[in-house]
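In order, the protein sequences belong to chains A and B. Per numbering that gives the first Met the number 0, the very first residue in the first sequence carries number 0; after that it's consecutive. Per numbering that gives the first Met the number 0, the very first residue in the second sequence carries number 0; after that it's consecutive. Where is the CB? At the ideal position from N, CA and C, for every residue including glycine. Here the structure comes first, spelled out in structure tokens, and everything after it is commentary.
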Amino acid sequence: MKPKLPTITGIGSVSPLGPAAGLIPLSPLEPSPITAWSTDGMRRAFLVKPFQPASVVPGLKTRRLDRLSAWALVAASLALQDAGIDLNEMDRSRVAVVFATGFGCIELTEAFYQSAFKNGWSGTDPITFPETLANSPAGHVALLHNLRGPNITVSSMNFAGESALLQAASLLRHGQADLAIVMAGDTLTQTIYEWYETANLLSPACFKADTQPEASGYVPGEGVVALVLESAGNREVRSYAHLQTGCWAACGGPLESIRRMLGASVLNLIISAGNGAPCATSSSNGVIGSIAAPGTAILRAQPVALGLTDAGALLHLALALSTKPASGLALMLATAADSGFAALLLELP
Amino acid sequence: MPMTDPRKIVVATGIGVVSPYGIGLASLHDGLLSGKSCLEPAKDIFPGFEGTTATVSELPNFPPTSNARYSRSDRLAMVAAQDAVADFDGQTSFRESGIIMASTVGGLSEIDPGIAQDPAAWYRRGGLARARSYSVARVAASVGEHLDVRGPICAVSVACASGAMAIALGANMLLDGAVPMVFAGGSDALCPFTMSGFNALQSLDRGPCQPFDRNRKGLNIGEGAAVLVLETLAGARARGANVLAVLRGWAMTNDASHPTAPQKQGIGLAQCIDRAMDMAECGVDEIDYVNAHGTGTPLNDIAEANAYELAFRGRNNPVPVSSTKSYFGHCLGSAGSIEAAITISAIRSGAIFPTLRLTDPIESTAVDWARGEVRRQPVSMAMSASVGFGGSNTVLIFANAGSASA
């Protein structure tokens, strides 16, 4: 019997395009000027506009949480709503949460360092400390919805989002969960931004308003995307995509692995993802040129998702699905030059 | 019907450890057998700190890569990974392997509070390379660089259940057929950030901790790393590897009860134990030993004792339980992996390491608190339990290597 494929049945997002349940309303997006901290001249990034989480998810309490936790709560709730899930009808001990992040709860980590700077290490804030942990967002999602299945937080250089999606699919495949909320995201703070700036990694578009974000270097971003992943056929619901298979590796080229995954199948769509580094984009283009058949549509990576670097995969995927591509076989490919690749093979209904 | 397909049986073929006893499983095993505690008074963690910790001494240095320097957590992980393959023949290639390494500290030990005042200035003063080690993903990447592993490399960070969860997720990867071999474990270094956090939470015992004792006051923090080399039995046989233990079952659950405190009745952990035993296809009487999470905090230990009451209900005899955190403290993200190594060591040596300083144990009808002398008895199957902030629970069940060929 053919195994049931993990299927994406819900999307929730908190991104620079605003909070959204389901497909993301697409519109041209410019980086926004940074105002959260003082900068030496104009600095821009793909920022999430401030909003009250309770205005999106009524009753949600997020005071004293890192923004990453607050956004995870909003995105997860929107994804569940979009999937039409009634958790009261589910065994919540079989609902997993899998979260991917590059930097974790960096905002409150900075606040904790700030308190140590002011008061010494013996005068830090006990309420802040647990909220600095990378798994706080996933823990809060479990707490809010009483989800008692596996609760996993992963991080991976360049491919954290892909890793989370594949780990979640594995839980479903091995009967360790019936449904998984898969999330990926990061917040942008002064320490992160200034690290990129000091390392000379920023795009000229970070400094000048009339410069395209695709210019060399990249524009940091922030946001959290949540997907509901469940085994196909569990419920009669709309599916955004079936996850057929996937692979990722820290080194080496993807061609051999992709050809093995594809077999004789022909791709209808290639979604280019990745971290946006110029060498990675060039490597990605080379691979795409090798695997694209005549008629294969290609969706180029959007700068807003590139800005999320390690945790951008789910935003890349949500944005691609939001273009309402034709049905068929799709490959989402992210390369990081000599730092490996991630490839997800999806079937679009 | 026990699982017999060698492609679906996960085995450990290598174990690497760095603990306050030194490098190697043998030094950890001998240290536990000796009953020597590594916990010592510490005042130099930060000004004003007075407490008890256990540290790893004489950790080798590794030259930095072109763009990053290795944090102490990275270095602990690299040494443990190297130790895990020390007995491998020189022909074994790790290139296609996967890595899942747990950490909660990552490179926090490399960063000081000055970063929060003026990040750009701090980076210009030399912080750029130090900050690059911040992400916990760097711990896993460091192991990859050290062993030339080129498969999927991933970090897990679920507070104090991280190390055990890395092993569970690594086992899933093997069942998926995604990789032929996985390096799975955890690594965390002592650092002011976490010491300060637990100090602020008033979770620390100033003296040596007393897990499961009625008079327990809190935990001590240690440091270390452990890495298990996992393969399917089919893969291990194909390369003629020495099987050290079988990972018979694993499970992960969440309490969904409180951000930091465990659920008082231990329901989430009990369910995790049930699921791991289901996977291991074993009954409650077949578990010969439980290496407990046993931190020594008032809330953890009672919740954990309650979980064992629930999970081992109906057992003929109380289950032997001990906390080896009483020897070298709580190693946070690496604790679950170090304790997995100890659990395997208990199976292989037939030794149950008692909880130190356990004079007045929590009352329990289901638990036989191992204390006093080392117990010598056959241990065919044993369990390691890990829990953490955020409600995470992970349970691993190991069986002796002989059970793989049964």
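C-beta neighbour in chain B for arginine 299 (chain A), strict 7 Å: Walking along the first sequence from the start, residue 299 (chain A) turns up at place 300. Judged by the 7 Å Cβ criterion, arginine 299 (chain A) is not in contact with chain B.
Chain A residues whose Cβ lies nearer than 8 Å to that of alanine 183 (chain B): Within the second sequence, residue 183 (chain B) is the residue found at index 184, counting from 1. Under the 8 Å cutoff, chain A gives no residues; its nearest Cβ is about 13 Å from alanine 183 (chain B).
Asparagine 299 (chain B) at chain A interface by Cβ criterion, 7 Å: Numbered from its first residue, the second sequence carries residue 299 (chain B) at position 300. No, asparagine 299 (chain B) lies away from the interface with chain A (no Cβ there is under 7 Å from its Cβ).
Cβ pair asparagine 267 (chain A), leucine 328 (chain A) closer than 7 Å: One-based indexing of the first sequence puts residue 267 (chain A) at position 268. One-based indexing of the first sequence puts residue 328 (chain A) at position 329. The answer is yes: Cβ separation under 7 Å.
Extent of the continuous alpha helix (DSSP H) to which valine 318 (chain B) belongs: Within the second sequence, the letter at position 319 stands for residue 318 (chain B). Not the alpha helix (DSSP H): valine 318 (chain B) falls in the beta strand (DSSP E), residues 318-321.
Under 7 Å by beta carbon: chain B residues contacting asparagine 87 (chain A): Counting from one through the first sequence, the residue named residue 87 (chain A) turns up at place 88. By Cβ distance, chain B contributes nothing, its closest Cβ being about 15 Å from asparagine 87 (chain A), past 7 Å.
The stretch 107-117 of chain B in contact with the stretch 162-172 of chain B per 3-pair CB rule at 8 Å: no
CB contact check: alanine 80 (chain B) to chain D, cutoff 7 Å: Included in the structure are the protein chains A and B, with no chain D among them.
DSSP bridge partner residues for tyrosine 217 (chain A) (one or two, in chain order): Locating residue 217 (chain A) in the first sequence gives position 218, where the first residue counts as 1. Its beta-bridge partners are A:Leu201.
Methionine 251 (chain B), buried or exposed, once every other Cβ within 10 Å from all chains shown has been counted against 16: Looking up residue 251 (chain B) in the second sequence gives position 252. Looking at its Cβ environment, which holds 16 or more other Cβ atoms inside 10 Å, methionine 251 (chain B) is buried.
Under 7 Å from the C-beta of valine 135 (chain B): neighbouring residues of chain A: For the purposes of this step, residue 135 (chain B) is taken as residue 136 along the second sequence, with counting starting at 1. Neighbours of valine 135 (chain B) on chain A, chain order: Ala133 and Ser154.
First through last residue of the alpha helix (DSSP H) which encompasses glutamate 338 (chain B): As a working note, residue 338 (chain B) is residue 339 in the second sequence. Its alpha helix (DSSP H) spans residues 334-348.
7 Å Cβ cut-off: residues of chain B touching phenylalanine 340 (chain A): In the first sequence, residue 340 (chain A) corresponds to position 341, counting from 1. Ordered by position in chain B, no residue passes the 7 Å Cβ test against phenylalanine 340 (chain A), which lies about 10 Å from the chain.
With 16 other Cβ atoms within 10 Å as the buried cut-off, status of isoleucine 126 (chain A): Position 127 of the first sequence, counted from the start, is the residue given in the question as residue 126 (chain A). Answer is exposed; the Cβ neighbour count stays below 16.
Tyrosine 192 (chain A) (DSSP reduced to helix, strand or coil): Taking the first residue of the first sequence as position 1, residue 192 (chain A) is located at position 193. Tyrosine 192 (chain A) falls in the helix class under three-state DSSP.
Range covered by the beta strand (DSSP E) that runs through serine 12 (chain A): Sequence index remark: in the first sequence, residue 12 (chain A) carries index 13 (1-based). From DSSP, the beta strand (DSSP E) with serine 12 (chain A) extends over 5-14.
Cβ neighbour criterion (16 or more within 10 Å) applied to isoleucine 396 (chain B): Position 397 of the second sequence, counted from the start, is the residue given in the question as residue 396 (chain B). Result: buried.
Closer than 7 Å to chain A by CB, alanine 104 (chain B): In the second sequence, counting from the first residue as 1, residue 104 (chain B) sits at position 105. Checking the sequence shown, residue 104 (chain B) turns out to be valine, not alanine. Output row for valine 104 (chain B): interface = no.
Supposed close pair leucine 307 (chain A), leucine 314 (chain A) - CB separation, criterion 8 Å: As a position in the first sequence, residue 307 (chain A) is number 308, starting the count at 1. As a position in the first sequence, residue 314 (chain A) is number 315, starting the count at 1. Their Cβ separation, rounded to whole angstroms, is 6 Å, which keeps leucine 307 (chain A) and leucine 314 (chain A) in contact under 8 Å.
Supposed close pair valine 10 (chain B), valine 226 (chain B) - CB separation, criterion 8 Å: The residue given as residue 10 (chain B) occupies position 11 in the second sequence. The residue given as residue 226 (chain B) occupies position 227 in the second sequence. Not a contact, Cβ separation roughly 15 Å.
CB-CB length for valine 155 (chain B) against alanine 101 (chain B), believed under 8 Å: The residue you call residue 155 (chain B) lines up with position 156 of the second sequence. The residue you call residue 101 (chain B) lines up with position 102 of the second sequence. Indeed they touch by this definition, with Cβ atoms about 4 Å apart.
Close Cβ partners of alanine 53 (chain A) (< 8 Å) along its chain, the five nearest in sequence each way excluded: For the purposes of this step, residue 53 (chain A) is identified with residue 54 of the first sequence, where counting begins at 1. So the qualifying residues of the chain are Leu59, Lys60 and Thr61.
Burial state of alanine 333 (chain A) (16 or more Cβ within 10 Å): Translated into positions along the first sequence, residue 333 (chain A) becomes position 334. Buried, by the Cβ-count rule.
Proximity test, Cβ basis, 7 Å: glycine 220 (chain A) and chain B: If you number the first sequence from 1, residue 220 (chain A) lands on position 221. No, glycine 220 (chain A) does not count as interfacial toward chain B.
Segment contact flag, the stretch 142-149 of chain A with the stretch 87-103 of chain A, C-beta cutoff 8 Å, min 3 pairs: yes
Spatial neighbours of phenylalanine 111 (chain A) in its chain, beta-carbon cut-off 8 Å, leaving aside the 5 residues before and after: Stepping through the first sequence from its first residue, residue 111 (chain A) is reached at position 112. Thr123, Asp124, Thr127, Phe128 and Thr131, listed in sequence order.
DSSP beta-bridge partners of glutamate 346 (chain A): Here residue 346 (chain A) corresponds to residue number 347 of the first sequence, with the count starting at 1. According to DSSP, glutamate 346 (chain A) bridges with A:His241 and A:Leu328.
Meets three-Cβ-pair contact criterion under 8 Å: the stretch 234-246 of chain A and the stretch 293-313 of chain A: no
Three-way DSSP call (helix, strand, coil) for threonine 108 (chain A) in this model: As a position in the first sequence, residue 108 (chain A) is number 109, starting the count at 1. Of the three classes helix, strand and coil, the one that applies to threonine 108 (chain A) here is helix, per DSSP.
Backbone secondary structure at methionine 89 (chain A) - three-state DSSP: Reading the first sequence from its first residue, position 90 is the one you call residue 89 (chain A). Correct three-state label for methionine 89 (chain A): coil.
Proline 112 (chain B) beta carbon less than 7 Å from that of phenylalanine 375 (chain A): Absent from the model: residue 375 (chain A). The displayed extent of chain A is 0 to 348, so no value can be given.
Alanine 260 (chain B) versus histidine 329 (chain B): straight-line alpha-carbon distance, rounded: Residue 260 (chain B) sits at position 261 when you count from the first residue of the second sequence. Residue 329 (chain B) sits at position 330 when you count from the first residue of the second sequence. Those two C-alpha atoms are separated by around 16 Å.
One or two residues paired with glycine 248 (chain B) in a DSSP bridge: For the purposes of this step, residue 248 (chain B) is taken as residue 249 along the second sequence, with counting starting at 1. B:Ile396.
Residue environment, methionine 0 (chain B), which counts as buried when at least 16 other CB atoms sit within 10 Å: For the purposes of this step, residue 0 (chain B) is taken as residue 1 along the second sequence, with counting starting at 1. Model confidence at methionine 0 (chain B) stands at a pLDDT of 43, short of 50, so the residue's coordinates are unreliable; what they give is reported in the following sentence. The residue is exposed, with fewer than 16 neighbouring Cβ atoms inside 10 Å.
Environment of methionine 41 (chain A) [buried if 16+ CB atoms lie within 10 Å]: Taking the first sequence and counting its residues from 1, the one referred to as residue 41 (chain A) is at position 42. It counts as exposed.
Span separating the alpha-carbon of leucine 218 (chain B) from that of proline 210 (chain B): What you label residue 218 (chain B) is simply residue 219 of the second sequence in a count that begins at 1. What you label residue 210 (chain B) is simply residue 211 of the second sequence in a count that begins at 1. Computed Cα separation, rounded: 8 Å.
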